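Encoded as structure tokens, the structure appears first; notes follow it.
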Amino acid sequence: MPAPPAPKPAPAPAKEPRKAEPPPKPAQRLSSDFLKDISSAAKSEAKGASAGKGNRTTGSALGPDFLKGIASPSAGKGTTARAQITGAAMNGLAAAIKRQVQPCYELGALGGTPAMAIVTVLQLRFNKDGSVQSAQVVEQTGVDGSNARYKQQMAEVSRAAVLRCSPLRLPAELYAGGWENIEMGFIPRQMQ
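Using our numbering, you'd call the opening residue of the sequence shown number 44 and step up by one each time.
Structure representation (structure tokens):
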């Protein structure tokens with residue numbers, strides 16, 4: 044017995060022609076007194092609501108003076124905004140720190156040993172005068188069976204270099220949010 048014929052696929056529905064979208068409206072510009080405009084609109088809305096007491100409105104629960112004092116200076120202590128540090132500025136800071144610390148990086152007898160493969164990363168916290176507040180080891184990479192015994196010594200060489208060259212001379216305006224708290228990697232081959 045022959046196989047029954049395969050059913051024919053249903054024809055695809057015709058696509059509806061796409062309607063042209065209206066051009067976007069230009070962005071509304073705010074007047075220089077936009078806060079005053081908002082405040083006067085709120086006042087007129089409040090007057091309209093009080094005129095028809097029986098009517099229930101679905102507007103804002105804010106009073107007509109909700110913007111009162113918005114332009115007045117804060118009574119609290121002001122804080123200085125942190126400097127916005129760009130990537131280029133941060134790279135410049137890193138180069139300046141390396142330049143100042145490099146002369147104090149002394150490997151001594153560790154030079155030429157397997158210890159040269161150990162990269163030490165320190166978390167450095169500075170005071171505003173450039174002196175070191177703390178220098179903590181964050182991580183060490185490149186440690187293997189041949190150089191594991193040098194791990195602590197390489198951490199001490201890195202810490203000693205920063206402490207020995209302290210205080211660093213860095214731009215005061217880039218302290219907050221910049222060099223007050225940074226991580227620095229010490230790669231022995233690049234520090235010599």
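By construction, the Cβ of each residue, glycine as well, lies at the ideal position given by its N, Cα and C atoms.
Computed from a predicted model, the values in this text were never measured in an experiment.
- S177 is bridged by DSSP to R168.
- By the Cβ neighbour-count rule, V181 is exposed, with fewer than 16 other Cβ atoms within 10 Å of its own.
- Rounded to whole angstroms, the separation of the alpha carbons of E216 and L165 is 23 Å.
- Bridge partners of Q183 according to DSSP: T163.
- Cβ atoms of G173 and S209 come within 8 Å of each other, at about 7 Å.
- In summary, S201 is buried, with 16 or more beta-carbon neighbours lying within 10 Å of its beta-carbon over all protein chains present.
- In the three-state reduction of the DSSP assignment, G154 falls in the coil class.
- In the structure shown, the three-state DSSP call for N224 is strand.
- Looking from the CA of R192, the closest CA among V175, L153, T129 and A203 belongs to L153.
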